[in-house]
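In this note's numbering, the protein residues as written are 7 to 75.
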């Protein structure tokens, strides 16, 4: 009796995949926050660039006005 093509090996593969999935799902909540960090909004990006001195006050005010229209 062959019990289909996979037989014993089919269940063996299934259980390996099942336990790998369980382990991955157990450790998923513990991934570093930096990987799950949300993207900056355009206004936050503009504020960060202004704070870092990458753009002038005039350029900051002009771009901020365009973003908040």
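No residue lacks a Cβ here, since even glycine has one placed at the ideal position from N, Cα and C.
Under the three-state reduction of DSSP, residue 44 is assigned to coil, being neither helix nor strand. Residue state for residue 63 is assigned as helix, using DSSP reduced to three classes.
The Cβ atoms of residue 49 and residue 70 lie closer than 9 angstroms to each other.
Residue 54 is positioned such that its CB atom lies closer than 9 angstroms to that of residue 46. Within the same chain, no Cβ atom closer than 7 angstroms to the Cβ of residue 30 is found once the five residues on either side in sequence are excluded.
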